[in-house]
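Notes for the one structure printed next.
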Amino acid sequence: MTATSAPRYAIYYTPAPEHPLTVAARTWLGRDAFAGGLAAVPVGLAAATKNQVRDSVTNTARRYGFHATLKAPFRLKEGYSVEDLERALRKFVKAWPWCPIGPLKIDLLGSFFALVPANPILTLRGFASCIVEEFDSFRAPLSQNEFQRRLCGPLDEIETTHLVRWGYPYVFDRFRFHMTLTDRLPAGSLDEVRQELDTVFAPLLLEDYSVDALSLFVQEHLGADFVVRSQFALRPPILLKEAV
Numbered sequence: 002m003t004a005t006s007a008p009r010y011a012i013y014y015t016p017a018p019e020h021p022l023t024v025a026a027r028t029w030l031g032r033d034a035f036a037g038g039l040a041a042v043p044v045g046l047a048a049a050t051k052n053q054v055r056d057s058v059t060n061t062a063r064r065y066g067f068h069a070t071l072k073a074p075f076r077l078k079e080g081y082s083v084e085d086l087e088r089a090l091r092k093f094v095k096a097w098p099w100c101p102i103g104p105l106k107i108d109l110l111g112s113f114f115a116l117v118p119a120n121p122i123l124t125l126r127g128f129a130s131c132i133v134e135e136f137d138s139f140r141a142p143l144s145q146n147e148f149q150r151r152l153c154g155p156l157d158e159i160e161t162t163h164l165v166r167w168g169y170p171y172v173f174d175r176f177r178f179h180m181t182l183t184d185r186l187p188a189g190s191l192d193e194v195r196q197e198l199d200t201v202f203a204p205l206l207l208e209d210y211s212v213d214a215l216s217l218f219v220q221e222h223l224g225a226d227f228v229v230r231s232q233f234a235l236r237p238p239i240l241l242k243e244a245v
């Protein structure tokens with residue numbers, strides 16, 4: 002099996018399928034990663050027109066589905082199966098409680114919009130770092146084409162070192178938790194898109210979010226959409242009883 006035909010897997014965070022934030026993202030992106038990647042169907046002419054506008058700024062984001070990256074897409078190393086990976090995920094989540102995110106906000110990262118924690122959460126970086134390390138033994142090395150494509154980005158020395166060692170530049174000290182909402186946008190469209198995003202997402206951002214489950218996404222072949230293959234619930238936090 003060639004590198005382009007082998008599936009890629011990714012460990013992501015995404016809220017539950019019917020959580021209001023997931024539903025809103027499904028409508029915004031025009032695709033449901035939980036339902037085999039089926040497109041969200043607009044209702045009526047006005048909705049269809051609005052979806053066409055949104056489609057123009059979410060082409061790449063739509064393919065990946067609504068998520069925050071914890072372990073970036075990778076192909077399995079020879080000798081490992083996806084069932085092996087899922088067994089390791091089941092073992093991992095038994096040992097880890099939910100990781101707090103807190104309220105979210107819409108932010109511009111470079112030239113694309115994403116949902117990010119409203120306040121810095123240091124434990125998120127540590128949690129993501131553990132996932133990067135724990136599951137790296139399953140990762141096949143990047144192909145030469147993949148490596149060169151990543152190098153075309155504006156990577157600094159540390160990010161390039163991460164790319165060589167971990168197959169992805171934005172890990173550890175370069176990690177930033179974010180849930181992508183758009184592709185990279187021209188400066189002239191930012192205000193209009195921001196207004197659209199506020200309309201869709203602003204009412205949903207004040208919840209006290211947590212990474213309560215890990216989602217294993219799969220891309221069956223190069224160019225295919227990423228879909229949710231399985232989810233693994235983390236241990237709920239232990240609530241201390243109030244003193245009487």
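In my numbering, the protein residues as written are 2 to 245.
C-beta: ideal position from N, C-alpha, C; glycine also.
Practice prompt. Identify, in the order they occur along the chain, each residue of the same chain with its Cβ nearer than 6 Å to the Cβ of residue 64, setting aside the five sequence neighbours on each side.
Written response: 226
Worksheet entry | Option nearest residue 14 by Cα separation, candidates 26, 28, 70 | 70
Worksheet item: Considering residue 17, what are the terminal residues of the beta strand (DSSP E) in which it resides?
Response: Here residue 17 belongs to no beta strand (DSSP E), and DSSP marks it neither H nor E.
Fill in: Terminal residues of the beta strand (DSSP E) in which residue 116 lies
113-118
Worksheet item: Among residues of its own chain, excluding the 5 on either side of residue 76, which ones have a beta-carbon nearer than 8 Å to its beta-carbon?
Response: 4, 7, 8, 9, 10, 140, 141
Worksheet item: Three-state secondary structure (DSSP) at residue 85?
Response: helix
Discussion item. Any contact between the segment 92-110 and the segment 144-155? By contact I mean 3 or more CB pairs, one from each, below 8 Å.
Written reply: no
Fill in: Nearest to residue 222 (by Cα), restricted to the options 74, 90, 28, 84
74
Worksheet item: Would you call residue 187 buried or exposed, if buried means 16 or more other Cβ atoms sit within 10 Å of its Cβ?
Response: exposed
Worksheet item: Using the C-alpha atoms, what's the distance from residue 110 back to residue 143?
Response: 26 Å
Worksheet entry | For residue 121, the nearest candidate out of 237, 16, 178, 24 (CA to CA) | 178
Item to complete: Go ahead and label residue 185 buried or exposed: buried means 16 or more other beta carbons lie within 10 angstroms of its beta carbon, across all protein chains shown.
Response: exposed
Worksheet entry | Proximity below 8 Å, CB of residue 34 to CB of residue 229 | yes
Practice prompt. Could you check if residue 239 is buried or exposed, using at least 16 other CB atoms within 10 Å of its CB as the buried criterion?
Written response: exposed
Worksheet entry | Beta bridge counterpart(s) of residue 228 as assigned by DSSP | 219
Worksheet entry | Residues bridged to residue 107 (per DSSP) | 116
Item to complete: Could you say which of 205, 211, 208, 232 lies nearest to residue 218 if we only look at CA atoms?
Response: 232
Fill in: Other residues of its chain near residue 62: CB distance less than 7 Å, five sequence neighbours each side excluded
30, 181, 182, 183, 184
Discussion item. Taking the alpha helix (DSSP H) that residue 148 belongs to, which residues open and close that run?
Written reply: 145-152
Worksheet item: Is residue 195 closer than 8 Å to residue 93 when the C-beta atoms are compared?
Response: no
Worksheet item: Name the DSSP beta bridge partners of residue 95, please?
Response: According to DSSP, which records beta bridges pairwise, residue 95 is partnered with nothing at all.
Worksheet item: Around the Cβ of residue 21, are there at least 16 other Cβ atoms within 10 angstroms (buried) or fewer (exposed)?
Response: exposed
Item to complete: Count the other CB atoms, across all protein chains shown, that sit within 10 Å of the CB of residue 145; report buried if there are 16 or more and exposed otherwise.
Response: exposed
Worksheet item: From which residue to which residue does the beta strand (DSSP E) around residue 201 run?
Response: Premise fails: residue 201 lies in the alpha helix (DSSP H), 191-202, not in any beta strand (DSSP E).
Discussion item. Looking only at its chain, what residues have a beta carbon closer than 6 Å to the beta carbon of residue 128, apart from the 5 residues adjacent to it on each side?
Written reply: 100
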